[in-house]
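Student: In my numbering, the protein residues as written are 4 to 73.
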């Protein structure tokens with residue numbers, strides 16, 4: 004069964020829902036009985052780190068400098 008949550012309840016209890024998502028649960032968020040979006044855990048095998056900018060420069064790279072070089 005899907006976990007259906009009202010948008011207002013999500014806003015008022017975001018920390019609780021974030022913890023439950025980390026534990027693997029998914030939720031459909033509704034407003035006025037209409038579905039808005041779905042919250043679900045990120046699948047780690049689909050997440051890929053492209054580059055670690057902290058290895059280039061301590062503290063990362065300034066976004067404006069990065070965009071200027073593109």
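Where a beta carbon is used, it is the ideal one built from N, C-alpha and C, also for glycine. As the structure is a prediction and not an experimental result, all values here were calculated from the model.
Check whether the Cβ atoms of residue 24 and residue 44 sit closer than 8 Å, and answer yes or no.
Tutor: It is a contact, given that the beta carbons lie within the stated cut-off.
Student: Using only the alpha-carbon positions, how far apart do residue 11 and residue 59 sit?
Tutor: For residue 11 and residue 59, the distance between alpha carbons rounds to 42 Å.
Student: For the alpha helix (DSSP H) that contains residue 73, what are its first and last residues?
Tutor: That residue, residue 73, is in no alpha helix (DSSP H); it is neither H nor E in DSSP.
Student: Can you check DSSP and say which residues form a bridge with residue 41?
Tutor: In the DSSP output, where bridge partners are listed per residue, residue 41 has 31.
Student: From residue 48 to residue 62, what does the alpha carbon distance come to, in whole angstroms?
Tutor: Distance between the alpha carbons of residue 48 and residue 62: 27 Å.
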